[in-house]
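Heads up: the sequence shown begins at 127 in our numbering, then just goes up one per residue.
Think of the CB as a built atom: it goes at the ideal place given N, C-alpha and C, for glycine as much as any other residue.
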Amino acid sequence: NVMAQNLTDQVREIASVTTAVAHGDLTKKIERPAKGEILQLQQTINTMVDQLRTFASEVTRVARDVGTEGILGGQADVEGVQGMWNELTVNVNAMANNLTTQVRDIIKVTTAVAKGDLTQKVQAECRGEIFELKKTINSMVDQLQQFAREVTKIAREVGTEGRLGGQATVHDVQGTWRDLTENVNGMAMNLTTQVREIAKVTTAVAK
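Structure (structure tokens):
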């Protein structure tokens with residue numbers, strides 16, 4: 127009877143802990159003394175609970191760091207896991223690593239643009255919406271490069287070389303960039319008209 131009662135108590139505790147795990151409760155462990163194969167089963171279940179708790183804690187930490195706190199570069203550190211748990215850990219770490227690489231590359235390029243360096247572009251491998259963001263940023267850099275190059279050309283032609291009549295040609299720009307291009311072209315056109323008019327009058331006077 128004592129043996130049967132012990133076995134019943136042990137099995138019920140094992141059932142209680144495994145049920146808790148199935149319900150997402152990783153706070154319970156098997157405490158009841160046991161021997162032999164029942165002890166091995168208890169140890170296996172307790173190890174499983176420890177690993178699942180570590181896994182859940184690490185994945186939660188990485189998700190909170192990256193998704194909520196904006197802290198990049200973190201990796202889930204789960205020792206001793208195998209099979210599906212190891213696969214999940216690897217996938218979570220790959221996701222965090224990819225996101226870190228992508229965001230840091232985007233930060234590097236946008237910081238360079240803010241400092242007037244238009245030589246940088248987003249190079250990180252991206253997919254989905256982050257790929258769309260990469261394309262948008264790289265397109266912005268292309269347009270700014272074109273704008274800067276054309277405005278510099280007009281300024282050099284008119285201001286340094288004295289060549290009049292030039293216009294900045296910047297394709298596909300909108301908003302402020304189009305306004306600036308139009309203003310630069312308007313200024314160059316007005317200057318060209320004025321200088322040529324003055325030249326015509328002074329030439330006439332000279333004759």
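Candidates the options: closest to residue i by CA position
| i | options | result |
| --- | --- | --- |
| K155 | Q208, V239, V143 | V143 |
| V267 | L317, K241, G193, G292 | K241 |
| D203 | L133, V218, D151 | V218 |
| V185 | V175, I171, Q201, I197 | Q201 |
| D151 | K161, Q169, S183 | S183 |
| A274 | K247, V239, K261 | V239 |
| I140 | E157, M129, Q300, T153 | E157 |
| G162 | L178, R187, L133 | L133 |
| Q246 | T215, G254, T153, Q269 | Q269 |
| L198 | E323, A220, R179 | A220 |
| M315 | G254, I280, Q272 | I280 |
| N311 | T329, K333, T278, T237 | T278 |
DSSP-derived helix/strand/coil call for residue i
| i | result |
| --- | --- |
| A250 | coil |
| L214 | helix |
| G292 | coil |
| T173 | helix |
| V137 | helix |
| R187 | helix |
| A160 | coil |
| E287 | coil |
| V204 | coil |
| D151 | coil |
| V299 | coil |
| N309 | helix |
Pairwise C-alpha distance: residue j and residue i
| i | j | result |
| --- | --- | --- |
| L296 | T307 | Here residue 296 is Val; the residue named in the question, Leu, does not match the sequence. Going by the C-alpha atoms only, they are around 7 Å apart. |
| A250 | D135 | 57 Å |
| E258 | D231 | 14 Å |
| I164 | T226 | 46 Å |
| K326 | G291 | 15 Å |
| E283 | L317 | 12 Å |
| G288 | V321 | 10 Å |
| V147 | W211 | 15 Å |
| M313 | T302 | 16 Å |
| T173 | F181 | 12 Å |
| V137 | Q131 | 10 Å |
| A222 | I256 | 14 Å |
| K261 | G209 | 37 Å |
| T170 | V248 | 48 Å |
| E276 | A294 | 5 Å |
| V216 | D298 | 43 Å |
Within-8 Å CB hit, residue i to chain B
| i | result |
| --- | --- |
| M174 | Here chain B cannot be found, since the structure has a single protein chain. |
Enumerate, from N- to C-terminal direction, the unbroken beta strand (DSSP E) stretches of 3 or more residues contained entirely within the stretch 223-278. none
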